[in-house]
Amino acid sequence: MRLRFQRRRAVAVAVTAALALTLASAAGAGSYIYWWQRNMTPSDRGTDSLTARNHIYNELYFGPNAGWKSEVWEVTPAGYRHFDKWCAGNCFNAHPGYYYTYAYCANRDGSTHFVYECKDQW
Amino acid sequence: MQLGAAALAAAATAGLLTQIGRGGSDKVQIGNGSVSALAQAARPADSLPQSVLDYPFAERNFASANGGGSRLLQVQGSLRLYGVPGREGMLCLVEVDTAAETAGGACADRSVLRTGSIYMADRREDGSRLVVGLVGDGHTYGEANGRRATVENNSFVLNHVDGGDFTVGSATASQHVDIGG
Chain G
1 MRLRFQRRRA VAVAVTAALA LTLASAAGAG SYIYWWQRNM TPSDRGTDSL
51 TARNHIYNEL YFGPNAGWKS EVWEVTPAGY RHFDKWCAGN CFNAHPGYYY
101 TYAYCANRDG STHFVYECKD QW
Chain H
123 MQLGAAALAA AATAGLLTQI GRGGSDKVQI GNGSVSALAQ AARPADSLPQ
173 SVLDYPFAER NFASANGGGS RLLQVQGSLR LYGVPGREGM LCLVEVDTAA
223 ETAGGACADR SVLRTGSIYM ADRREDGSRL VVGLVGDGHT YGEANGRRAT
273 VENNSFVLNH VDGGDFTVGS ATASQHVDIG G
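Top to bottom, those sequences are chains G and H.
Be aware that the first sequence starts at 1, since it is given in my numbering, and climbs by one per residue.
Be aware that the second sequence starts at 123, since it is given in my numbering, and climbs by one per residue.
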């Protein structure tokens, strides 16, 4: 009888632990649109510099039929640049969360273009 | 008679100006933007990894949510390049590095392929760049820093690129692509 109770208790502890890990993982994940439907000159930089986060994704989206140069990159609070990708057109970069960084995006064409959004995830 | 000649000259000039205004580009054109690799029979390896389809990028850019029509263009070590039909006339290039656990993508209008490439250029820790590109039919090589990579299935890979540009071309013509940075 005592053995049965111990087994049930062990199962309950295991289920609770698994549930806690799942919820913690979901609570820690997030995403943010840091540039929203604006014209972007070549010198503009969209940035999510509110909080340094363990980023795993960064994207620039001009919209459909895009063909202009773009860049997405990340910078640590200490100023080190990582995950720097230049593209022709809409662009994304996904990677493991190695560093706490701020996310950036830019239109790198020679003239101003409408950018629908830049988005990061962590 | 003189009035007719003047009218003809004016019409010709107006036509020329219209062409320039609409982007009558002086860039060298190769091919018509078609990508025959995307028309090849599908194989199981052509399917994009689910992780790529789960990114917000896929929903906004790919012609279908499941990446339908994608083709594995090239494999170099742990790097895989895919061509993917995009929305509203776009074509997409997707790179997946299974060892580095990274993925990236670029989507642009198909017309870009007439005068250049849909590319991605990743800055490495040593300051050089890995450049991967999708090119239209007719292109045979990509080149940077005097090193040339052969186009395979409409794609090329250039490792350790120093500087901000590369060239794509055929046996008879070449196009300069300015990456920037």
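No residue lacks a Cβ here, since even glycine has one placed at the ideal position from N, Cα and C.
Everything numeric in this text was worked out from a predicted model, so none of it was measured.
Just list the residues that DSSP pairs Gln121 of chain G with in beta bridges. G:Ser31, G:Tyr57
Nearest candidate by alpha-carbon position, reference Thr41 of chain G, set G:Ser70, G:Gly63, G:Tyr100: G:Ser70
Interface flag, Arg246 of chain H vs chain G, CB-CB below 7 Å: no
Thinking just about the alpha-carbon of each residue, which of H:Glu223, H:Lys149, H:Gln151, H:Ser156 is nearest to the one in Leu256 of chain H? H:Ser156
Boundaries of the beta strand (DSSP E) in which Val62 of chain G is found, first to last residue: Here residue 62 of chain G is Phe; the residue named in the question, Val, does not match the sequence. No beta strand (DSSP E) holds Phe62 of chain G; DSSP gives it neither H nor E.
Do you know how far the Cα of Tyr57 of chain G is from the Cα of Arg245 of chain H? Straight-line Cα distance between these residues: approximately 16 Å.
Can you check DSSP and say which residues form a bridge with Gly227 of chain H? G:Phe92, H:Val216
Rounded C-alpha distance that separates Asn39 of chain G from His113 of chain G: 5 Å
Is it a yes or a no for the stretch 167–186 of chain H touching the stretch 286–295 of chain H, going by three-plus beta-carbon pairs under 8 Å? Contact between the stretch 167–186 of chain H and the stretch 286–295 of chain H is absent, because fewer than three Cβ pairs lie under 8 Å.
Any idea if Asn154 of chain H is buried or exposed, counting beta-carbon neighbours within 10 angstroms, 16 or more meaning buried? exposed
Partner residues on chain H for Glu123 of chain G, Cβ-Cβ distance less than 7 Å: Any answer about residue 123 of chain G is impossible in this case: the structure gives chain G only from 1 up to 122.
Does the Cβ-Cβ distance between Gly67 of chain G and Ala230 of chain H come in under 7 Å? yes
Once you ignore the five residues that flank Gln151 of chain H on each side, which residues in its own chain have a CB closer than 7 Å to its CB? The answer, listed in chain order, is Arg236, Thr237.
Rounded C-beta distance between Glu274 of chain H and Gln162 of chain H? I'm assuming under 8 Å. Incorrect: roughly 12 Å between the Cβ atoms, too far for contact.
Cβ separation of Lys85 of chain G and Met242 of chain H, assumed to be a contact under 8 Å, to the nearest whole Å: 6 Å
List the residues of chain G whose Cβ lies closer than 7 Å to the Cβ of Arg209 of chain H, in chain order. Pro64
Return the CA-CA distance between Glu217 of chain H and Gly208 of chain H, expressed in angstroms with no decimal places. Cα to Cα, Glu217 of chain H sits roughly 15 Å from Gly208 of chain H.
Given this structure, state the Cα-to-Cα distance separating His82 of chain G from Val75 of chain G, to the nearest angstrom. Within the model, the alpha-carbon separation for His82 of chain G versus Val75 of chain G is close to 6 Å.
Which word fits His365 of chain H, buried or exposed, when buried means at least 16 other C-beta atoms lie within 10 angstroms of its C-beta? Here chain H has residues from 123 to 303 only, and residue 365 of chain H is not among them.
Under three-state DSSP, which class holds Thr237 of chain H? helix
Buried or exposed by the 16-neighbour rule on C-beta atoms within 10 Å, applied to Leu186 of chain G: No statement about residue 186 of chain G is possible, as the shown extent of chain G runs from 1 to 122 and does not include it.
Measuring CA to CA, which of G:Val115, G:Arg45, G:Asn54 is closest to Ala29 of chain G? G:Asn54
Per-residue burial, Arg269 of chain H [other beta carbons within 10 Å of its own, 16 or more giving buried]: Exposed: under 16 other Cβ atoms inside 10 Å.
Residues from the stretch 279–303 of chain H in contact with chain G, defined by Cβ distance under 7 Å: Ile301, Gly302, Gly303
Within a Cβ cutoff of 6 Å, which residues of the same chain sit near Arg104 of chain G, ignoring the five residues on either side of it in sequence? The question names Arg, but residue 104 of chain G in the sequence shown is Tyr. Correct list, in chain order: Arg45, Thr47, Trp73.
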